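Numbering-wise (the numbering used here), the sequence shown opens with residue 2 and increments by one.
By construction, the Cβ of each residue, glycine as well, lies at the ideal position given by its N, Cα and C atoms.
Quick caveat: nothing in here was measured; it's all calculated off a predicted structure.
First the structure, in the form of structure tokens, and then the observations on it.
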Amino acid sequence: MDFNNDGMLDLIMGERLGLVHFFPRTSEDPITLGADSVIRMSNGDSLWVGQNSAPFVTDWNNDGLLDLIVCNEGHPEVSPKRVRLFINTGTPEAYLFETEDYISYDPGTGPVPIEMWRTQPCVYDLNNDGKKDLILGEGLSVDPQGFWYFENTGTDDNPEFGSPEMLQREGGGDLLMIDPDTKPFLFDWNNDGVVDILSGDYSEYVYYCLGVDDNGFEEESGQGYTPIRHRVGILQNPASSSLSFFLSSGFPVQAEVSIISLDGRTVKKIWSGNAPQGLLECTADISELPQGVYLLKADFNGEISSTRVTVVR
């Protein structure tokens, strides 16, 4: 987005320590960025949300100025789990953030702040009703790991939200699942006129989920998105005498997990069974394995997922 209205796209980034950074574009050819500056409030204090700041830029109130939605990891002793809204009261060339508000939803008993752990926001009109909706990815505190859809029941310039739903796969019933720490961004990935989802996760993967209907997500008709695959991931790497890992599945599936040497040999089969929909955490004894680098491979009924694991002694 062009955050300072100079005709060039800029970069807004979060970080582990909870600040939000602004890198202005200084040239297009070659593409260069100016010096990092921390986003500040009008009183000079840094805009800070605790830990794992996750910003999204949008014109929330349709006044022609770019506002910030910033999520966080959330710790009671540091900063609570919230979806924070910072309304820009400056100019298109120079932002001014004077207040911090919490985005709420109404479960039927009155508005309450959205409280999710390590959230990542995205704003998009998912049901094509002309009003911006809110889509959130989340971290390890929710099983399954998917995408939360907050439909806007207010107006486009004053959004309000009811209880959220989780996006489903095509055909309905199965939730759209990837690894923990979903980080959604919605746009038309394959230029077919239907919105898709691009998402990162806790590990090194980036996923794309292709939209299957131009009406967006509708739980009643089972419209939604088709995930690409199941995943296996490491909970602690490097590992020593035991290996903690997880299986993330969009629907129940038979799976087998093995440790593979880098030359392709199966060193040890460490788990097999029915992987349920959602996140399954497992621990395996690897005390007999020599120190080195291996592959952790999961076979989900013919669908393969793998990641590297380092064993230390």
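A36 sits in coil when the DSSP states are folded into three classes, being neither helix nor strand. The criterion of a C-beta distance shorter than 7 Å is not satisfied by L86 and D107. Taking C-beta separations shorter than 6 Å and ignoring five residues to either side along the sequence, the partners of T284 in its chain run S243, S245, following chain order. Here R119 is buried. Its C-beta has 16 or more other C-beta atoms within 10 Å. Here DSSP, grouped into helix, strand and coil, assigns G163 to strand. Cβ-Cβ distances below 8 Å link L236 to S245, F246, F247, E282 in the same chain, with the five nearest sequence neighbours on each side left out; the list follows chain order. By the criterion of a C-beta distance shorter than 7 Å, C123 is surrounded in its chain by F57, I136, P185, F186, L187, once the five residues flanking it on both sides are discounted. Between V254 and I260, the C-beta spacing is not below 7 Å.
The beta carbons of L34 and F23 sit no closer together than 7 Å. Within its own chain, the residues whose Cβ lies closer than 7 Å to the Cβ of G51, once the five positions on either side in sequence are excluded, are G19, N73, E74, G75, H76, V79, S80, listed in chain order.
By the beta-carbon neighbour count (other beta carbons within 10 angstroms, threshold 16), S249 is buried. If you draw a straight line from the Cα of P93 to the Cα of W61, it is about 14 Å long. In the three-state reduction of the DSSP assignment, I115 falls in the coil class. Taking R83 as the centre and dropping the five residues before and after it, the same chain places the C-beta of Y103, P114 closer than 6 Å to its C-beta, in chain order.
Counting along the chain, the unbroken beta strand (DSSP E) around E304 starts and ends at 304-312. Only residues of its own chain outside the window of five on either side were considered, and among them N63, G131, K132, K133 have a CB closer than 7 Å to the CB of D157, listed in chain order. Our two residues, E152 and T183, have alpha carbons roughly 19 Å apart in a direct line.
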